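J.: Before we start, here is the structure in question, set down as structure tokens.
In the numbering used here, the protein residues as written are 68 to 497.
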């Protein structure tokens, strides 16, 4: 077995080979890879609230058969445009209720209109999302290799548009949540954002801060976690570990909602996979959190499975032994595989390629590299590669290609600093 130091030297050789123009898989990719996230330095973040409320920025590369052009674009939200004229809003969370009231009175823009979470592709258009605002249309100019903010798309039937809205090729699925009324509104739209006949208000048991949802064959699934307000904390939002979790399944064919009680208290940011079986069993694979405190950044995600048996009105959580001692996040689907990102002391140090509850491949980055959020899977000559950004201890950025199964690794220095991101997209071109 090769030593870690020898592996690191070999990776450096591959990196130098790329920068000197040797033939590598980068030469076989054409298109755009973009990573969206908050425009903040990770080292300065002291809470999840700070991390989640940074202004949206897209870091991307235009790739054309080996030619790589790195670009950054601060999304021109209403908030960013307003601050460029009038100065920045104050950051402490204590000012947020006042700002939201002033926004309702149409005195200022939405200070939570941040466009920093995910990128949604719909009919050849690209939209930047954040769960407390509407989507912003983004235009990619491949000729000039520039990114532009076009406009905000207002959706009349929703107060806000989910940061994890989905497009299935025919319909857009989205939701918003009302904290005061403890209600989630689920909505289906056509590709032009006009609503279909499916609009449903679903009551929640707790404060419905729901980041993601799952679309089923004939319905939608929501996990209702016991979020509570704690006025004695600097950021007064946390998970109550003494209360159960509820699973709500709305069937749009019957227009009925079924609710199941899970004894454990858990929160989920991202689903990995949801499997439906003919006997009424639903398996929910995802990254679950036993503790969650928005005033801290110390979170530990566990890859687990929730099983719902609709016929027997039962729900249970199954822990997967191979993952219980790991901290993971950003599950990514590729065919029958799920790719998980490993989190070691706030450093994304590698990936796990899984098939249901089995680890197929354990991918480790060089010791001085950390990944910058979600990669995309690209296929090169039938082989899967992870494409994304990493950075070193000096925040210097690299474009990375990492083989899913063969263990090959390539990187290109970007000669730019990069910041942590959340979700990504890849738009190929011929």
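Built from N, CA and C at the ideal position, the CB exists for glycine as well.
Note that this is a predicted model, so its numbers are computed, not measured.
Output the boundary residues of the beta strand (DSSP E) element that contains residue 153.
T.: Residue numbering aside, residue 153 sits at position 86 when the chain shown is read from its first letter. It is not in any beta strand (DSSP E) - residue 153 instead sits in the alpha helix (DSSP H) that spans 145-153.
J.: Where are the beta strand (DSSP E) runs, 3 residues long or more, that stay fully inside the region 287-337, in chain order?
T.: 294-296, 304-306, 312-318 and 323-329
J.: Helix, strand or coil: which one does DSSP assign to residue 182?
T.: Within the chain shown, numbered from 1, the residue matching residue 182 stands at position 115. The answer is coil: DSSP assigns residue 182 none of H, G, I, E or B.
J.: Quick check on the DSSP output: what are the complete beta strand (DSSP E) runs of length 3 or more inside the region 80-138, in order along the chain?
T.: 97-105 and 123-131
J.: Residue range of the beta strand (DSSP E) that residue 419 falls in?
T.: In the chain shown, the residue the question calls residue 419 occupies position 352. In the DSSP annotation of this structure, the continuous segment of the beta strand (DSSP E) that includes residue 419 starts and ends at 415-422.
J.: On the DSSP bridge list, what partners appear for residue 268?
T.: The residue given as residue 268 occupies position 201 in the chain shown. According to DSSP, which records beta bridges pairwise, residue 268 is partnered with 252.
J.: Going along the chain, which residues of its own chain have a beta-carbon closer than 7 Å to the beta-carbon of residue 141, five neighbours each way excluded?
T.: Against the chain shown, residue 141 aligns to sequence position 74. So the list reads 106, 122, 124 and 147, once near-sequence residues are dropped.
J.: Going by DSSP, what residue range makes up the beta strand (DSSP E) through residue 456?
T.: What you label residue 456 is simply residue 389 of the chain shown in a count that begins at 1. That run of the beta strand (DSSP E) goes 450-458.
J.: Compare the Cα-Cα distances from residue 291 to each of 114, 325 and 362 and report the closest residue.
T.: Locating residue 291 in the chain shown gives position 224, where the first residue counts as 1. It is 325 whose Cα lies nearest to the Cα of residue 291.
J.: When burial is assigned at 16 or more other CB atoms within 10 Å of the CB, is residue 392 buried or exposed?
T.: The residue you call residue 392 lines up with position 325 of the chain shown. Exposed: under 16 other Cβ atoms inside 10 Å.
J.: Taking the straight line between their C-alpha atoms, what separation do you get for residue 92 and residue 316?
T.: The count along the chain shown starts at 1 and reaches residue 92 at position 25. The count along the chain shown starts at 1 and reaches residue 316 at position 249. C-alpha separation (whole angstroms): 43 Å.
J.: Does the separation of the CB atoms of residue 183 and residue 104 fall below 8 Å?
T.: Reading the chain shown from its first residue, position 116 is the one you call residue 183. Reading the chain shown from its first residue, position 37 is the one you call residue 104. Note that the C-beta distance between residue 183 and residue 104 is below 8 Å.
J.: Here's the rule I'm using: 16 or more other beta-carbon atoms within 10 Å means buried, otherwise exposed. How should residue 217 be labelled?
T.: The sequence position of residue 217 within the chain shown is 150, counting from 1. Residue 217 comes out exposed.
J.: Work out the CA separation of residue 487 and residue 467 for me, nearest whole Å.
T.: Indexing the chain shown from 1 puts residue 467 at position 400. Indexing the chain shown from 1 puts residue 487 at position 420. Roughly 15 Å separates the two Cα atoms.
J.: Between 237, 164, 464 and 196, which has its C-alpha nearest residue 128's C-alpha?
T.: On the chain shown, residue 128 is found 61 positions in, with the first residue counted as 1. The residue with the shortest Cα to Cα distance from residue 128 is 464.
J.: Cβ atoms of residue 294 and residue 304: under 8 Å apart, would you say?
T.: Sequence index remark: in the chain shown, residue 304 carries index 237 (1-based). Sequence index remark: in the chain shown, residue 294 carries index 227 (1-based). Contact flag set, yes.
J.: Which first and last residues belong to the beta strand (DSSP E) in which residue 493 is found?
T.: Counting from one through the chain shown, the residue named residue 493 turns up at place 426. From DSSP, the beta strand (DSSP E) with residue 493 extends over 491-495.
J.: Which of helix, strand or coil does DSSP assign to residue 388?
T.: Your numbering for residue 388 matches position 321 in the chain shown. Three-state DSSP puts residue 388 in a helix.
J.: In whole angstroms, what separates the C-alpha of residue 483 from that of residue 220?
T.: Looking up residue 483 in the chain shown gives position 416. Looking up residue 220 in the chain shown gives position 153. Straight-line Cα distance between these residues: approximately 32 Å.
J.: Quick check on residue 169: buried or exposed, where buried means 16 or more other Cβ atoms within 10 Å of its Cβ?
T.: As a first step, residue 169 must be located in the chain shown, where it is residue number 102. The residue is exposed, with fewer than 16 neighbouring Cβ atoms inside 10 Å.
J.: Among all the DSSP beta bridges, which residues are the ones paired with residue 400?
T.: Numbered from 1 along the chain shown, position 333 holds the residue referred to as residue 400. 405.
J.: Can you name, in chain order, every residue of its own chain whose Cβ lies under 6 Å from the Cβ of residue 145, other than the five neighbours on each side?
T.: In the chain shown, residue 145 corresponds to position 78, counting from 1. Excluding sequence neighbours, residue 145 sits near 176 and 180.
J.: Can you give the Cα-Cα distance for residue 201 and residue 435, rounded to whole angstroms?
T.: On the chain shown, position 134 is the one that residue 201 refers to. On the chain shown, position 368 is the one that residue 435 refers to. Between residue 201 and residue 435, the C-alpha separation is close to 38 Å.
J.: Let me know if residue 344 comes out buried or exposed under the rule of 16 or more other beta-carbons within 10 Å of its beta-carbon.
T.: In the chain shown, residue 344 corresponds to position 277, counting from 1. Residue 344 should be labelled exposed.
J.: Just how far apart, CA to CA, sit residue 97 and residue 404?
T.: Residue numbering aside, residue 97 sits at position 30 when the chain shown is read from its first letter. Residue numbering aside, residue 404 sits at position 337 when the chain shown is read from its first letter. Each residue's alpha carbon lies about 24 Å from the other.
J.: In three-state terms, what does DSSP make of residue 471?
T.: Start at 1 with the first residue of the chain shown, and residue 471 comes out as number 404. Coil, per DSSP.
J.: In the DSSP output, what is residue 242 paired with across the bridge?
T.: Against the chain shown, residue 242 aligns to sequence position 175. Answer is 253.
J.: Let me make sure I understand the geometry here. Which of 351, 347, 398 and 259 has the alpha-carbon closest to that of residue 368?
T.: On the chain shown, position 301 is the one that residue 368 refers to. For residue 368, the nearest C-alpha among the options comes from 398.
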